[in-house]
Amino acid sequence: MFKTGNGIGRAARYCYEALAAQGLRPVATDTSLLLDQAVTLASVPLAQLPLARHGTLILFANPPEIERCLFALGLRRWHDWRIIGAWAWETPTAPASWKRQTAYVSEIWSPSRFCSKAFSAAYDRPVITVPHWVPQRRQAGYRGTSGNSALSILTVADAHSSLERKNPLAAVNIFRSAFPHAPNIHFTIKCRNLSAYPEYASRLRDAIGSDSRISLIEGTLTDEEHEELIMGADILLSPHRSEGFGLNLAEAMSLGKCVVATAWSGNLEYMSQENAALIPCVTVPVQDSTGVYPAIPGDRWAQPDIQEGARLLRRLAASPQLRQSLGSAAQASLRRTLRPETYLQALGWE
215 MFKTGNGIGR
225 AARYCYEALA
235 AQGLRPVATD
245 TSLLLDQAVT
255 LASVPLAQLP
265 LARHGTLILF
275 ANPPEIERCL
285 FALGLRRWHD
295 WRIIGAWAWE
305 TPTAPASWKR
315 QTAYVSEIWS
325 PSRFCSKAFS
335 AAYDRPVITV
345 PHWVPQRRQA
355 GYRGTSGNSA
365 LSILTVADAH
375 SSLERKNPLA
385 AVNIFRSAFP
395 HAPNIHFTIK
405 CRNLSAYPEY
415 ASRLRDAIGS
425 DSRISLIEGT
435 LTDEEHEELI
445 MGADILLSPH
455 RSEGFGLNLA
465 EAMSLGKCVV
475 ATAWSGNLEY
485 MSQENAALIP
495 CVTVPVQDST
505 GVYPAIPGDR
515 WAQPDIQEGA
525 RLLRRLAASP
535 QLRQSLGSAA
545 QASLRRTLRP
555 ETYLQALGWE
(Lines of atoms letter the chains of each structure in order from A and count residues from 1; the text may use other names and numbers.)
(Lines give C-alpha, C1' and ligand atoms only; values in the text may rest on other atoms or scores of the structure.)
Protein backbone atom coordinates (compact mmCIF):
# COMPACT_ATOMS: atom_id res chain seq x y z
CA MET A 1 0.00 0.00 0.00
CA PHE A 2 2.99 2.30 -0.51
CA LYS A 3 1.25 4.35 -3.22
CA THR A 4 -1.92 5.12 -1.28
CA GLY A 5 -2.59 8.62 0.02
CA ASN A 6 -4.22 7.46 3.25
CA GLY A 7 -2.85 6.76 6.71
CA ILE A 8 -2.13 3.12 5.87
CA GLY A 9 0.19 4.17 3.08
CA ARG A 10 1.98 6.77 5.18
CA ALA A 11 2.36 4.29 8.04
CA ALA A 12 3.90 1.75 5.65
CA ARG A 13 6.34 4.33 4.30
CA TYR A 14 7.33 5.41 7.82
CA CYS A 15 7.93 1.78 8.81
CA TYR A 16 10.17 1.29 5.77
CA GLU A 17 12.15 4.44 6.64
CA ALA A 18 12.52 3.34 10.25
CA LEU A 19 13.84 -0.11 9.34
CA ALA A 20 16.25 1.37 6.81
CA ALA A 21 17.46 3.86 9.43
CA GLN A 22 18.30 0.92 11.70
CA GLY A 23 20.65 -0.52 9.11
CA LEU A 24 18.30 -3.12 7.61
CA ARG A 25 17.60 -3.51 3.91
CA PRO A 26 13.81 -3.76 3.74
CA VAL A 27 12.08 -4.44 0.43
CA ALA A 28 8.96 -2.36 -0.28
CA THR A 29 6.45 -4.15 -2.49
CA ASP A 30 3.29 -2.27 -3.42
CA THR A 31 -0.21 -3.75 -3.71
CA SER A 32 -2.20 -0.54 -4.09
CA LEU A 33 -2.63 -0.96 -7.87
CA LEU A 34 -4.22 -4.35 -7.26
CA LEU A 35 -6.69 -2.72 -4.86
CA ASP A 36 -7.28 0.31 -7.11
CA GLN A 37 -5.88 2.61 -4.44
CA ALA A 38 -2.70 3.90 -6.12
CA VAL A 39 -3.15 7.67 -6.08
CA THR A 40 0.27 9.07 -5.20
CA LEU A 41 3.92 8.47 -5.96
CA ALA A 42 5.73 6.27 -3.48
CA SER A 43 8.42 8.08 -1.52
CA VAL A 44 10.38 4.85 -1.01
CA PRO A 45 11.99 2.61 -3.67
CA LEU A 46 9.71 -0.24 -4.75
CA ALA A 47 10.71 -3.77 -5.76
CA GLN A 48 9.23 -7.22 -6.25
CA LEU A 49 8.88 -9.46 -3.23
CA PRO A 50 11.94 -11.76 -3.10
CA LEU A 51 11.28 -15.34 -4.19
CA ALA A 52 12.06 -17.33 -1.07
CA ARG A 53 10.46 -20.04 1.03
CA HIS A 54 11.23 -18.15 4.23
CA GLY A 55 11.00 -14.51 5.19
CA THR A 56 9.16 -11.85 7.16
CA LEU A 57 6.36 -9.78 5.65
CA ILE A 58 4.83 -6.76 7.40
CA LEU A 59 1.57 -6.29 5.52
CA PHE A 60 -0.01 -2.84 5.76
CA ALA A 61 -3.52 -3.54 4.47
CA ASN A 62 -7.00 -3.80 5.89
CA PRO A 63 -7.91 -7.42 6.74
CA PRO A 64 -10.57 -7.80 3.99
CA GLU A 65 -7.80 -7.11 1.45
CA ILE A 66 -5.21 -9.53 2.86
CA GLU A 67 -6.09 -12.65 0.87
CA ARG A 68 -5.86 -10.79 -2.46
CA CYS A 69 -2.59 -9.17 -1.43
CA LEU A 70 -0.93 -12.44 -0.42
CA PHE A 71 -2.04 -14.15 -3.62
CA ALA A 72 -0.73 -11.26 -5.74
CA LEU A 73 2.57 -11.31 -3.85
CA GLY A 74 2.99 -15.00 -4.68
CA LEU A 75 2.85 -16.27 -1.12
CA ARG A 76 1.15 -19.63 -0.64
CA ARG A 77 0.36 -21.76 2.38
CA TRP A 78 3.43 -23.96 1.87
CA HIS A 79 5.73 -20.96 2.16
CA ASP A 80 7.14 -20.66 5.65
CA TRP A 81 6.86 -16.89 6.09
CA ARG A 82 6.27 -14.87 9.21
CA ILE A 83 3.34 -12.72 8.07
CA ILE A 84 2.54 -9.75 10.27
CA GLY A 85 -0.78 -7.99 9.84
CA ALA A 86 -0.32 -4.27 10.56
CA TRP A 87 -3.91 -3.49 11.52
CA ALA A 88 -5.82 -0.70 13.18
CA TRP A 89 -9.38 -0.42 14.42
CA GLU A 90 -10.87 2.69 15.94
CA THR A 91 -13.54 1.52 18.39
CA PRO A 92 -13.34 -0.72 21.48
CA THR A 93 -14.97 -3.70 19.71
CA ALA A 94 -13.13 -5.23 16.76
CA PRO A 95 -15.34 -6.56 13.95
CA ALA A 96 -16.18 -10.26 14.01
CA SER A 97 -15.95 -10.26 10.21
CA TRP A 98 -12.17 -9.85 10.45
CA LYS A 99 -11.71 -13.09 12.40
CA ARG A 100 -11.48 -15.14 9.21
CA GLN A 101 -8.50 -13.10 8.02
CA THR A 102 -6.48 -13.93 11.14
CA ALA A 103 -5.82 -17.34 9.57
CA TYR A 104 -3.50 -15.61 7.09
CA VAL A 105 -1.25 -13.88 9.64
CA SER A 106 1.21 -15.10 12.24
CA GLU A 107 0.64 -12.09 14.49
CA ILE A 108 -1.03 -8.69 14.56
CA TRP A 109 0.75 -5.39 15.04
CA SER A 110 -1.46 -2.59 16.27
CA PRO A 111 -0.38 1.06 16.69
CA SER A 112 -1.83 1.54 20.18
CA ARG A 113 -2.87 -0.29 23.33
CA PHE A 114 -6.38 0.92 22.54
CA CYS A 115 -6.36 -1.13 19.31
CA SER A 116 -4.51 -4.04 20.89
CA LYS A 117 -7.15 -4.43 23.59
CA ALA A 118 -9.89 -4.71 20.95
CA PHE A 119 -7.93 -7.22 18.85
CA SER A 120 -6.87 -9.37 21.82
CA ALA A 121 -10.48 -9.67 22.96
CA ALA A 122 -11.73 -10.72 19.52
CA TYR A 123 -8.99 -12.79 17.88
CA ASP A 124 -6.71 -15.69 18.79
CA ARG A 125 -3.49 -14.36 17.27
CA PRO A 126 -0.66 -12.72 19.25
CA VAL A 127 -1.12 -8.95 19.31
CA ILE A 128 1.87 -6.61 19.71
CA THR A 129 1.54 -2.87 20.23
CA VAL A 130 3.88 -1.11 17.80
CA PRO A 131 3.27 2.67 17.72
CA HIS A 132 3.91 4.36 14.40
CA TRP A 133 7.21 6.18 14.10
CA VAL A 134 6.83 9.65 12.62
CA PRO A 135 10.03 11.10 11.11
CA GLN A 136 10.87 14.60 12.30
CA ARG A 137 12.25 16.19 9.16
CA ARG A 138 11.89 19.81 10.23
CA GLN A 139 12.33 22.04 13.23
CA ALA A 140 9.39 23.15 15.35
CA GLY A 141 6.78 24.82 13.18
CA TYR A 142 5.72 27.76 15.37
CA ARG A 143 4.78 30.57 13.00
CA GLY A 144 4.67 33.39 15.54
CA THR A 145 1.31 34.84 14.54
CA SER A 146 0.07 37.55 16.88
CA GLY A 147 -1.92 40.74 16.99
CA ASN A 148 -3.64 41.36 13.65
CA SER A 149 -1.74 38.61 11.83
CA ALA A 150 -3.86 35.82 10.37
CA LEU A 151 -4.24 32.68 12.47
CA SER A 152 -4.59 29.42 10.53
CA ILE A 153 -6.49 26.38 11.83
CA LEU A 154 -6.51 23.03 10.01
CA THR A 155 -8.54 19.83 10.19
CA VAL A 156 -7.78 16.73 8.11
CA ALA A 157 -10.05 13.81 7.21
CA ASP A 158 -10.36 10.93 4.77
CA ALA A 159 -14.01 10.18 4.06
CA HIS A 160 -13.26 6.48 3.51
CA SER A 161 -12.12 6.39 7.15
CA SER A 162 -15.61 7.62 8.18
CA LEU A 163 -16.62 11.25 8.23
CA GLU A 164 -18.73 10.58 11.31
CA ARG A 165 -15.62 9.34 13.10
CA LYS A 166 -13.28 12.07 11.87
CA ASN A 167 -16.05 14.58 12.60
CA PRO A 168 -15.19 17.58 10.39
CA LEU A 169 -18.75 18.85 10.89
CA ALA A 170 -17.98 19.27 14.60
CA ALA A 171 -14.75 21.04 13.65
CA VAL A 172 -16.75 23.61 11.66
CA ASN A 173 -19.16 24.08 14.56
CA ILE A 174 -16.27 24.55 17.01
CA PHE A 175 -14.58 27.09 14.75
CA ARG A 176 -17.73 29.13 14.10
CA SER A 177 -18.72 29.03 17.77
CA ALA A 178 -15.24 30.16 18.83
CA PHE A 179 -14.93 32.94 16.25
CA PRO A 180 -18.29 34.18 14.98
CA HIS A 181 -16.75 37.50 13.92
CA ALA A 182 -12.97 37.23 13.47
CA PRO A 183 -11.88 38.04 9.91
CA ASN A 184 -8.19 37.39 10.63
CA ILE A 185 -8.71 33.72 11.60
CA HIS A 186 -8.84 31.17 8.80
CA PHE A 187 -9.96 27.55 8.84
CA THR A 188 -8.95 24.90 6.28
CA ILE A 189 -10.69 21.54 5.95
CA LYS A 190 -8.65 18.97 3.99
CA CYS A 191 -10.89 16.03 3.08
CA ARG A 192 -10.15 13.16 0.69
CA ASN A 193 -12.95 11.19 -0.99
CA LEU A 194 -15.66 13.59 0.14
CA SER A 195 -17.67 13.11 -3.07
CA ALA A 196 -18.17 9.43 -2.20
CA TYR A 197 -20.47 10.47 0.65
CA PRO A 198 -22.80 13.11 -0.84
CA GLU A 199 -25.23 13.28 2.08
CA TYR A 200 -22.50 14.12 4.60
CA ALA A 201 -20.80 16.40 2.08
CA SER A 202 -24.03 18.36 1.75
CA ARG A 203 -24.31 18.73 5.52
CA LEU A 204 -20.71 19.88 5.72
CA ARG A 205 -21.13 22.48 2.98
CA ASP A 206 -24.34 23.71 4.60
CA ALA A 207 -22.46 24.19 7.88
CA ILE A 208 -19.73 26.16 6.09
CA GLY A 209 -22.32 28.26 4.29
CA SER A 210 -20.98 31.52 2.91
CA ASP A 211 -18.22 31.87 5.51
CA SER A 212 -15.29 33.07 3.39
CA ARG A 213 -12.85 32.30 6.22
CA ILE A 214 -13.36 28.55 5.67
CA SER A 215 -11.64 26.71 2.81
CA LEU A 216 -12.48 23.15 1.76
CA ILE A 217 -9.70 21.26 -0.03
CA GLU A 218 -10.42 17.90 -1.66
CA GLY A 219 -8.19 15.46 -3.50
CA THR A 220 -5.00 13.64 -2.54
CA LEU A 221 -1.70 15.21 -1.53
CA THR A 222 1.81 13.82 -1.80
CA ASP A 223 3.68 13.34 1.47
CA GLU A 224 5.53 16.59 0.83
CA GLU A 225 2.30 18.50 0.13
CA HIS A 226 0.68 16.98 3.20
CA GLU A 227 3.61 18.13 5.33
CA GLU A 228 3.50 21.61 3.80
CA LEU A 229 -0.20 21.87 4.60
CA ILE A 230 0.45 21.08 8.26
CA MET A 231 3.45 23.42 8.36
CA GLY A 232 1.26 26.27 7.16
CA ALA A 233 -1.15 25.92 10.08
CA ASP A 234 -0.90 27.27 13.62
CA ILE A 235 -3.35 24.77 15.12
CA LEU A 236 -4.52 21.30 14.09
CA LEU A 237 -8.10 20.69 15.24
CA SER A 238 -9.41 17.12 15.61
CA PRO A 239 -12.77 16.71 17.37
CA HIS A 240 -12.73 13.03 16.39
CA ARG A 241 -15.07 10.47 17.85
CA SER A 242 -12.31 7.88 17.96
CA GLU A 243 -8.76 7.23 16.74
CA GLY A 244 -6.86 3.98 16.66
CA PHE A 245 -3.66 6.02 16.73
CA GLY A 246 -4.25 9.38 15.07
CA LEU A 247 -1.43 9.62 12.55
CA ASN A 248 -2.36 13.14 11.43
CA LEU A 249 -2.16 14.29 15.04
CA ALA A 250 1.24 12.70 15.59
CA GLU A 251 2.53 14.18 12.33
CA ALA A 252 1.45 17.67 13.39
CA MET A 253 2.99 17.25 16.83
CA SER A 254 6.25 16.02 15.30
CA LEU A 255 6.34 19.30 13.35
CA GLY A 256 5.93 21.30 16.55
CA LYS A 257 2.29 22.20 15.97
CA CYS A 258 -0.29 22.91 18.62
CA VAL A 259 -2.98 20.20 18.47
CA VAL A 260 -6.54 20.44 19.81
CA ALA A 261 -8.06 16.96 19.95
CA THR A 262 -10.71 14.86 21.65
CA ALA A 263 -9.56 13.38 24.95
CA TRP A 264 -10.41 9.80 24.06
CA SER A 265 -9.01 6.69 22.35
CA GLY A 266 -5.59 5.85 20.93
CA ASN A 267 -4.25 9.40 20.68
CA LEU A 268 -4.10 9.64 24.49
CA GLU A 269 -1.15 7.23 24.46
CA TYR A 270 1.10 10.06 23.28
CA MET A 271 -1.03 13.13 24.05
CA SER A 272 -1.58 14.76 27.45
CA GLN A 273 -2.49 18.11 28.95
CA GLU A 274 1.23 18.93 28.85
CA ASN A 275 1.67 18.64 25.07
CA ALA A 276 -1.81 19.25 23.61
CA ALA A 277 -5.18 20.90 24.24
CA LEU A 278 -7.65 18.10 24.97
CA ILE A 279 -11.39 18.47 24.35
CA PRO A 280 -13.52 16.80 27.05
CA CYS A 281 -16.15 14.35 25.88
CA VAL A 282 -18.70 11.72 26.82
CA THR A 283 -19.01 8.33 25.16
CA VAL A 284 -22.08 7.38 23.15
CA PRO A 285 -23.14 4.35 21.08
CA VAL A 286 -21.48 4.16 17.66
CA GLN A 287 -23.84 5.44 14.97
CA ASP A 288 -22.18 5.96 11.60
CA SER A 289 -24.44 7.46 8.94
CA THR A 290 -21.75 6.81 6.30
CA GLY A 291 -21.82 3.05 6.94
CA VAL A 292 -18.08 2.65 7.44
CA TYR A 293 -18.44 1.45 11.04
CA PRO A 294 -21.04 -1.23 11.77
CA ALA A 295 -23.49 -0.92 14.63
CA ILE A 296 -22.00 -3.44 17.07
CA PRO A 297 -24.00 -3.86 20.32
CA GLY A 298 -22.21 -2.15 23.19
CA ASP A 299 -19.65 -0.42 20.98
CA ARG A 300 -19.03 3.23 21.83
CA TRP A 301 -17.10 6.28 20.73
CA ALA A 302 -16.75 9.88 21.88
CA GLN A 303 -19.02 12.87 21.62
CA PRO A 304 -16.68 15.88 22.01
CA ASP A 305 -17.89 18.98 23.83
CA ILE A 306 -18.32 21.65 21.13
CA GLN A 307 -18.36 24.60 23.53
CA GLU A 308 -15.25 23.41 25.38
CA GLY A 309 -13.51 22.92 22.05
CA ALA A 310 -14.44 26.49 21.12
CA ARG A 311 -13.16 27.76 24.46
CA LEU A 312 -9.82 26.02 23.90
CA LEU A 313 -9.50 27.55 20.42
CA ARG A 314 -10.19 31.04 21.76
CA ARG A 315 -7.61 30.57 24.50
CA LEU A 316 -4.98 29.42 22.04
CA ALA A 317 -5.79 32.17 19.56
CA ALA A 318 -5.22 34.74 22.30
CA SER A 319 -1.88 33.27 23.42
CA PRO A 320 0.94 32.74 20.90
CA GLN A 321 3.13 31.78 23.86
CA LEU A 322 0.79 28.91 24.82
CA ARG A 323 0.70 27.64 21.24
CA GLN A 324 4.48 27.71 21.07
CA SER A 325 4.82 25.99 24.45
CA LEU A 326 2.44 23.16 23.56
CA GLY A 327 3.99 22.72 20.10
CA SER A 328 7.51 22.52 21.48
CA ALA A 329 6.43 20.08 24.20
CA ALA A 330 4.64 17.97 21.59
CA GLN A 331 7.68 17.69 19.35
CA ALA A 332 9.99 16.87 22.26
CA SER A 333 7.66 14.22 23.70
CA LEU A 334 7.19 12.45 20.37
CA ARG A 335 10.93 12.37 19.85
CA ARG A 336 11.16 10.45 23.14
CA THR A 337 8.18 8.13 22.78
CA LEU A 338 7.79 7.32 19.06
CA ARG A 339 11.10 5.79 18.08
CA PRO A 340 12.28 3.85 15.01
CA GLU A 341 13.76 1.13 17.24
CA THR A 342 10.23 0.04 18.15
CA TYR A 343 9.89 -1.99 14.95
CA LEU A 344 13.10 -3.91 15.60
CA GLN A 345 11.96 -4.65 19.14
CA ALA A 346 8.66 -6.02 17.85
CA LEU A 347 10.49 -8.17 15.30
CA GLY A 348 12.81 -9.47 18.02
CA TRP A 349 15.84 -8.40 15.99
CA GLU A 350 17.49 -6.03 18.46
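Just so you know, we're using the numbering used here here: the sequence shown kicks off at 215 and counts up by one. Using N, Cα and C, we set each Cβ at its ideal position, and we do this for glycine too. In this text the structure is predicted, and so the values were computed from the model without any measurement.
CA-to-CA, the gap between V341 and L368 works out to about 34 Å.
Annotation for P534: the continuous alpha helix (DSSP H) segment containing it runs 534-551. Around the CB of P264, fewer than 16 other CB atoms lie within 10 Å, so the residue is classed as exposed. CA-CA distance, A286 to T245, rounds to 8 Å.
The segment 426-435 makes no contact with the segment 503-510, as fewer than three CB pairs between them are under 8 Å. Distance from the CA of R351 to the CA of N407, rounded to the nearest whole angstrom, comes to 28 Å.
The Cβ-Cβ distance between A226 and F216 falls below 8 Å.
If you draw a 10 Å sphere on the C-beta of S416, you find fewer than 16 other C-beta atoms in it, and that means exposed. Counting the other CB atoms within 10 Å of its CB gives G541 a total of 16 or more, which places it among the buried residues.
Inter-residue distance for V386 and P453 is about 10 Å (C-alpha atoms, whole angstroms). Distance between L469 and V241, taken at the CA atoms: about 28 Å.
For H400, the three-state secondary structure derived from DSSP is strand. Excluding sequence positions up to five before and after A234, its CB lies within less than 7 Å of the CB of P240, all in the same chain and listed in chain order. The criterion of a C-beta distance shorter than 8 Å is not satisfied by V500 and Q517.
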